[in-house]
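Have a look at the structure below, then the notes.
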Amino acid sequence: MRRSATDRLIVSVLLSLAGAVIAVLVGMPEVALFVAPWLVLCALGIMHERDPNVQVQIAVVQDRLMVGDVVEVQVTVTAESNAVVAVAPQPSKSFVTSTEAIRPVVDLVSARRPTDITFEMPAQEWGTHDLGAMDVESSHAYGLFRSRAVMRQRRAIRVHPTPRQLKELIAPWLVRRVSGTHRSRESAQGIEYADIRQFAAGDSVRDINWRASARTGDLWVSQRHLDRATDVILLVDSFVESGHDVRQIFGLIVDASIAIAESHLAVTDRVGLVEFGGVVRWVSPATGRVQLQRLTDAILATGLYANAADKELPILPARALPPRSFIIAFTPLLDDRFVEAIFTARGRGHDVAVIECVPTDDQSVDAPYAQSVARSFWDAERSMLRDRMAEQGVAVAGWDGDENLDVVLGQLMRRRHGGRVRGRS
Amino acid sequence: MWVTVLAAAMGMGAVAAMVATASEAMTAVVPLMAVAMLLHLTFLILGSARWVASASLPMVGGIVLESGFAEESSWMRPIALGCWWYVTMEVSWEAIERRRGARNTAEATAHRVQEVATVVGVALLIGVGASALASIAPARSVALQAVVLGGLLTAFVAMIRQVTAN
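Here the protein sequences line up with chains H and R, keeping their order. According to numbering that gives the first Met the number 0, the first sequence is numbered sequentially starting from 0. According to numbering that gives the first Met the number 0, the second sequence is numbered sequentially starting from 0.
Right, dumping it as structure tokens:
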């Protein structure tokens, strides 16, 4: 810890010296008596001067919580001598909390027993944050000196976004040969009605469609779609694009991707993740609650790095991007490398859908003419991009965060209806 | 907030006590005390821990003026005013510190109060002792002044050596 003199020491030394010198030189003992408390303060402070050598132990009560939950940080302070200690948390910049929560606490730390200080900080934004830094300032005896240091112990917490319950699922075109809840295009033993055909040897009596048979006089059997599971790959765009609120855009991506992962995992689909940006990382597809935890951790830890390097999907191994998997891309469609990756995936035979995460744009009515013209060009360019995607069989639906995500999924499903993609309605 | 109000009230009280106990002929004390009060209130409101103590200079000036003109030397008056002013400064510093947003526990406040009380207690003891000794002390001489000044300088040198050793 770095020791320094306080204002109290400077003031008391100056006043003591001034008073004593005036008293002695001019022969006025009254002046010396007036500054006597400052002389006593100096004497007592210097006599008892000793660095209390304050140490802290930081503990976080729960390391996983939701946005809006309160995280409790316990600080145990020990000292070699009695000292008044001010402790203030210094969370990482990404951790947003109320200013009230990070106000310093000033407490007396006794040499005999440690003092516990608890900070309750509401987590206001999702992400992985470090709460293990404390600004510690100890005041020595009589407050003439102080020691100060920022003590760090890594205490990471994960703040999950508020969960969204989805009613809709985007039905994939391609499915795995594993039972699940998605309707297969093949007609076989399933639940959902597909078609009827004439009875043939070997057909089950239970499949006979009695109403059609009675009407035609021949035996007809009902055919049903198979119920299959699928591999869902969440393709997350983490390219940084200047001129946009990256944190807000990525907040939408995180919100949507976690909600969709949860809903697909709930129906026994295997869900994986590919973070495609400055850094390329992936989580291989799997099922279950543990996988949801794995995906959430990976999404929350996603870093946004500006990177000018060319990134291509073929660098990914097959276990990260299995054949016939259903790719749901979450992107603001701002980076050409990511758009190219979507086309590449589609070209490789994947079923691809895009959720375009773009926050609400408050475009002013009184915007200058040049600005509104530029905006029109920008909108036209993006519209062309969406049309080009639709031609390639990639459906796009936009989400601004205000709209219900189910509505967006409904739009995507309508555009993907019947195995071909329609343009924006 | 109430600590700031208390500090301001104590400052005004110290200034009023200084003026009230000054001799009637000593009119120069009043403007000096007005300056002291102005400095104290200004820097207390601005929140400058270093400059709020600058109000001590006109206070010392007032004591010097009063001592030079007073017919009878009273030692209890400067010691009482000195202690009052010291407590005012401590309360002012505490008020400025609290306005920065720190949350003080009762134990921390009690510890500080105890330290201030110790300083005031020792200062009062010294004052009373000095006052008692003065009644039996010989007349001031250059030799006595030199001895006292030498003692003070030695004490400060010892103090600085201890600080640097720590």
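Cβ coordinates follow ideal geometry from the N, Cα and C atoms, glycine included. Computed from a prediction, not measured in an experiment: that's the story for all the values here.
ask   = In this structure, what does DSSP give as the bridge partners for G276 (chain H)?
value = DSSP output for G276 (chain H) lists H:S237 as bridge partner(s).
task = Determine the direct distance from the alpha carbon of S137 (chain H) to that of V121 (chain R), and round the result to whole angstroms.
result = Straight-line Cα distance between these residues: approximately 25 Å.
key: 9 Å Cβ cutoff, G18 (chain H) in contact with chain R   = Interface criterion met: the Cβ of G18 (chain H) is under 9 Å from a Cβ in chain R.
key: Whole-Å CB distance - L294 (chain H) paired with V278 (chain H), under 8 Å assumed   = That belief does not hold up - the Cβ atoms of L294 (chain H) and V278 (chain H) are roughly 17 Å apart, past 8 Å.
request  = Indicate the three-state DSSP secondary structure (helix, strand or coil) for F42 (chain R) in the structure shown.
outcome  = Note: F42 (chain R) maps to helix in three-state DSSP.
query = Out of curiosity, what's the CA-to-CA distance linking A19 (chain R) and I44 (chain R)?
reply = Spanning the two alpha carbons is a distance of roughly 25 Å.
query = Which residues, taken in chain order from the region 98 to 117 of chain H, show a beta carbon closer than 7 Å to some beta carbon of chain R?
reply = Under the 7 Å Cβ criterion, the region 98 to 117 of chain H contributes R102, P103, V104, V105, D106 and L107.
request  = Reducing DSSP to helix, strand and coil, say where F144 (chain H) ends up.
outcome  = DSSP places F144 (chain H) in strand when its eight states are reduced to three.
request  = Give, in chain order, every unbroken run of the beta strand (DSSP E) that is at least 3 residues long and sits entirely within the region 311 to 374 of chain H.
outcome  = Runs of beta strand (DSSP E) with 3 or more residues, each lying fully within the region 311 to 374 of chain H, are found at 325 to 330 and 350 to 356, listed in chain order.
message = Just list the residues that DSSP pairs H159 (chain H) with in beta bridges.
response = In the DSSP output, where bridge partners are listed per residue, H159 (chain H) has H:M65.
ask   = Applying a beta-carbon distance threshold of less than 7 Å, which residues of chain R neighbour L32 (chain H)?
value = At a C-beta separation below 7 Å, L32 (chain H) has these neighbours in chain R: W74, P77, I78, G81, G126 and A129.
inquiry  = Within a Cβ cutoff of 6 Å, which residues of the same chain sit near W37 (chain H), ignoring the five residues on either side of it in sequence?
reply    = Beyond the five residues adjoining it in sequence on each side, W37 (chain H) comes within less than 6 Å, by CB distance, of S11, L14 and S15 in the same chain, given in chain order.
request  = Specify the secondary structure class of S91 (chain H) as computed by DSSP and reduced to three states.
outcome  = Residue state, collapsed to three classes: coil.
key: Per-residue burial, T153 (chain R) [other beta carbons within 10 Å of its own, 16 or more giving buried]   = Exposed, because fewer than 16 other Cβ atoms sit within 10 Å of the Cβ of T153 (chain R).
query = Considering only residues of the same chain and omitting the five flanking positions on each side of G271 (chain H), which have a CB-CB separation below 6 Å?
reply = In the same chain as G271 (chain H), and ignoring 5 residues on each side of it, the C-beta atoms closer than 6 Å to its own belong to I232, V282, S283 and P284, in chain order.
task = Specify the secondary structure class of Q73 (chain H) as computed by DSSP and reduced to three states.
result = DSSP places Q73 (chain H) within a strand segment (E or B) once states are collapsed to three.
ask   = If you drop the 5 nearest sequence neighbours on each side, which residues of the same chain put their C-beta closer than 6 Å to that of H39 (chain R)?
value = Same-chain partners within the cutoff: G10 and A54.
query = By a C-beta neighbour count over all protein chains shown, 10 Å radius and 16 as the cutoff for buried, is P367 (chain H) buried or exposed?
reply = Within 10 angstroms of the beta-carbon of P367 (chain H) lie fewer than 16 other beta-carbons, which makes it exposed.
ask   = Is it a yes or a no for the region 65 to 83 of chain H touching the region 115 to 134 of chain H, going by three-plus beta-carbon pairs under 8 Å?
value = Touching, yes.
inquiry  = Taking the beta carbon of S424 (chain H) as the centre, do at least 16 other beta carbons fall within 10 Å, making it buried, or is it exposed?
reply    = Residue confidence is low: S424 (chain H) scores 43 on pLDDT, short of 50, so the model does not pin down where it sits. No coordinate-derived value is stated.
request  = Mind listing the chain H neighbours of A6 (chain R)? Cutoff is C-beta to C-beta under 8 Å, in chain order.
outcome  = Residues of chain H passing the Cβ test: none, with the nearest at roughly 15 Å.
Neighbour list for A35 (chain H) in chain R, Cβ cutoff strictly below 7 Å = Chain R residues near A35 (chain H): I78, G81, A122, I125 and G126.
ask   = Mind pulling the alpha helix (DSSP H) runs of 4 or more residues that sit fully within the region 61 to 122 of chain R?
value = Listed in chain order, the complete alpha helix (DSSP H) runs (minimum 4 residues) inside the region 61 to 122 of chain R are 75 to 98.
query = Listing by chain order, which chain H residues have their CB less than 8 Å from the CB of A21 (chain R)?
reply = Under the 8 Å cutoff, chain H gives no residues; its nearest Cβ is about 12 Å from A21 (chain R).
request  = Can you pull the chain H residues whose beta carbon is under 8 Å from the beta carbon of A48 (chain R), in chain order?
outcome  = Those within 8 Å of A48 (chain R) in chain H are D6.
inquiry  = Do L251 (chain H) and L408 (chain H) have their beta-carbon atoms positioned less than 9 Å apart in this structure?
reply    = Cβ atoms of L408 (chain H) and L251 (chain H): not closer than 9 Å.
ask   = Which of the three DSSP states, helix, strand or coil, is assigned to W219 (chain H)?
value = DSSP places W219 (chain H) within a strand segment (E or B) once states are collapsed to three.
message = When you compare the CB of M120 (chain H) with every CB in chain R, is at least one pair closer than 9 Å?
response = So no, M120 (chain H) is outside the interface.
ask   = Applying the criterion that 16 or more other CB atoms from any shown protein chain within 10 Å of the CB defines a buried residue, is F376 (chain H) buried or exposed?
value = F376 (chain H) comes out exposed.
inquiry  = Is there a Cβ of chain R sitting closer than 9 Å to that of E124 (chain H), yes or no?
reply    = The beta-carbon of E124 (chain H) is placed no less than 9 Å from the nearest beta-carbon of chain R.
ask   = Between D236 (chain H) and F337 (chain H), is the Cβ-Cβ spacing less than 9 Å?
value = Taking 9 Å as the Cβ cut-off, D236 (chain H) and F337 (chain H) qualify as a contacting pair.
request  = Write down the C-beta distance between V273 (chain H) and L320 (chain H) rounded to the nearest angstrom, noting that I regard them as a contact closer than 8 Å.
outcome  = For a cut-off of 8 Å, the C-beta gap from V273 (chain H) to L320 (chain H) is around 6 Å, short enough to register as a contact.
request  = Along the alpha helix (DSSP H) that carries I298 (chain H), what are the first and last residues, could you check?
outcome  = Counting along the chain, the alpha helix (DSSP H) containing I298 (chain H) begins and ends at R288 to L299.
ask   = What is the residue span of the beta strand (DSSP E) that T5 (chain H) lies within?
value = Membership of T5 (chain H) in any beta strand (DSSP E) is not indicated, and neither H nor E is assigned to it by DSSP.
ask   = Between H:V25, H:P160, H:R246 and H:I21, which lies nearest to K92 (chain H) when the distance is taken from Cα to Cα?
value = Looking only at H:V25, H:P160, H:R246 and H:I21, the smallest Cα-Cα distance to K92 (chain H) is reached by H:R246.
task = Would you identify the three-state DSSP class for A33 (chain R), choosing helix, strand or coil?
result = Helix at A33 (chain R).
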